[in-house]
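Q: Per our numbering, the sequence shown runs over residues 39 to 113. By construction, the Cβ of each residue, glycine as well, lies at the ideal position given by its N, Cα and C atoms. The structure that follows is given in the form of structure tokens.
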Amino acid sequence: MNATLTEAPNKVTEFDRCDACGAKAQVAVTLSGGGFLTFCRHHARKHREALEAVEARIVESELEEDQADEVASPR
């Protein structure tokens, strides 16, 4: 049996849900160890500092242009 690694997706789709609360996902996170998480903007803001500390790759969704506020600037 051969193990095959596949690259994690680098964006969310309209069907993805937040891994923390189940709301519509708007931020995709790829962990340096290969894991993949999706978050709503609220939870992306909440966990951003910890994710950056582990050098996670954070990609915001472009699905809803009217909600294109920055994850880094909480309101």
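Can you give me the start and stop residues for the beta strand (DSSP E) that E100 sits inside?
A: Taking the sequence shown and counting its residues from 1, the one referred to as residue 100 is at position 62. Element bounds for E100: n/a, residue is neither H nor E.
Q: For L89 and E52, I'd like the C-alpha separation in whole angstroms.
A: Along the sequence shown, read from residue 1 onward, the residue named residue 89 stands at position 51. Along the sequence shown, read from residue 1 onward, the residue named residue 52 stands at position 14. Using only the alpha carbons, I get a separation of about 23 Å.
Q: Can you grab the Cα-Cα spacing for the pair N48 / A66, in whole Å?
A: Along the sequence shown, read from residue 1 onward, the residue named residue 48 stands at position 10. Along the sequence shown, read from residue 1 onward, the residue named residue 66 stands at position 28. Their Cα atoms are separated by approximately 6 Å.
Q: When you compare only the Cα positions, how much space is there between C59 and A82?
A: As a position in the sequence shown, residue 59 is number 21, starting the count at 1. As a position in the sequence shown, residue 82 is number 44, starting the count at 1. One C-alpha to the other measures close to 11 Å.
Q: Among G72, G71 and K62, which residue has its Cα nearest to the Cα of H80?
A: Counted from its first residue, the sequence shown places residue 80 at position 42. Ranking G72, G71 and K62 by Cα distance to H80 puts K62 first.
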